[in-house]
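Asks: According to our numbering, the sequence shown holds residues 12 to 235 in order.
Dropping the structure in here first, questions after.
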Amino acid sequence: MSFLEVRSLTKTYRTGNRSLTVLRELELSVTQGEMVAIVGASGIGKSTLLQVVGGLDRIDGGTILIGEMDLAAADDDTRVTFRNRHVGFVFQFHHLLPEFTAVENVAMPLRIARRPPAEAAARAEALLEEVGLADRGTHRPGMLSGGEQQRVAVARALVMHPALLLADEPTGDLDEQTGEELHSLLRRMHAAHGLTSLIATHNMRLAESCDRVLRLEDGRLNPA
């Protein structure tokens, strides 16, 4: 059953009199529970694709269906609420808040959603244990290695029980061994949490471990 359906998606950036079409009549269908890798040259539009699919940016044309939500047609408030509740993001750079502990960073989406503090902390602690950081909960980001910080970011992405995980170059800022460890973690969390995952990556080992690999070229997706 198709969970993510993208039809005729177009995204153009305009600066003054100049315009650059990054995504051009793009089509994408992802089955529920599938893990799909998006590969392609730097600057080709992989990040843009994830941003519009996740509701972080508007599109210029087309349709984005996630489950029963028509994301492209939704107003800003509806899009923000849907994104926060149903989509988890992992970026190349972890974007952790330096003044907060690992538990506090993971729990932040729950606190923003006004969940009780005890519930948010318990959920965050459980996820940190799941990603192998049970003993790092009270550490601030500056006390963690790059790989550990990215594991915290993965836990934070999953704290709201999302159905869709979007990962943008998740191993891009890590050394080879640490990247392999994160790659294994993403596969494990994808299966354990029943996710549908879309991963933009230059790491071909990570890409090839996915159910499908698609290449973004000239604004469109094709089998790699």
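Every residue, glycine too, gets a C-beta built ideally from N, C-alpha and C.
Do VAL170 and ALA132 have their beta-carbon atoms positioned less than 8 Å apart in this structure?
Replies: no
Asks: Please confirm if the region 34-45 is in contact with the region 182-198, defined as three or more CB-CB distances below 8 Å between the two stretches.
Replies: no
Asks: Report all residues from its chain with a CB closer than 6 Å to the CB of ILE210; omit the five preceding and five following residues, and keep chain order.
Replies: ALA48 and ALA178
Asks: Could you say which of SER13, THR59 and ARG223 lies nearest to LEU20 if we only look at CA atoms?
Replies: THR59
Asks: Secondary structure at THR189, three-state DSSP: helix, strand or coil?
Replies: helix
Asks: Assuming the contact rule is C-beta atoms closer than 8 Å, THR34 and GLY230 should be a hit. Round their C-beta distance to whole Å, please.
Replies: For clarity, residue 34 is Leu in the given sequence; the question names Thr instead. Their Cβ separation, rounded to whole angstroms, is 5 Å, which keeps LEU34 and GLY230 in contact under 8 Å.
Asks: So the candidates are LEU61, THR212 and PRO173; which of them puts its Cα closest to the Cα of GLY190?
Replies: THR212
Asks: Would you mind stating whether VAL64 and LYS22 have Cβ atoms separated by less than 8 Å?
Replies: no
Asks: For ARG29, which beta-bridge partners are listed by DSSP?
Replies: THR26
Asks: Around the C-beta of GLY236, are 16 or more other C-beta atoms found within 10 angstroms, so that it is buried, or is it exposed?
Replies: Residue 236 lies beyond the range of the chain shown here (12 to 235); nothing can be said about it.
Asks: For ARG226, which residues does DSSP report across the bridge?
Replies: VAL50 and ASN233
Asks: Could you give the residue range of the beta strand (DSSP E) that holds GLY73?
Replies: 72-77
Asks: Tell me, please, which residues DSSP counts as bridged to ILE210.
Replies: ALA48 and ALA178
Asks: If you measure between the beta carbons of GLY99 and PRO181, is that distance less than 8 Å?
Replies: no
Asks: DSSP on GLY148, reduced to helix/strand/coil?
Replies: Coil at GLY148, not helix or strand.
Asks: Cβ of LEU175 within 8 Å of Cβ of ILE75?
Replies: In this structure, ILE75 does not lie closer than 8 Å to LEU175 by Cβ.
Asks: Comparing alpha-carbon positions, which option in PHE102, GLY66, ALA113 and GLU219 lies nearest THR92?
Replies: GLY66
Asks: In this structure, what does DSSP give as the bridge partners for PHE100?
Replies: LEU177
Asks: Can you give me the Cβ contacts of ARG18 inside the same chain, cut-off strictly under 7 Å, excluding the 5 residues immediately before and after it?
Replies: GLU38, GLY73 and THR74
Asks: Please classify ASP81: does DSSP put it in a helix, a strand, or coil?
Replies: strand
Asks: Is DSSP giving ARG126 helix, strand or coil here?
Replies: coil
Asks: Considering THR59, what are the terminal residues of the alpha helix (DSSP H) in which it resides?
Replies: Segment 57-64, the alpha helix (DSSP H) holding THR59.
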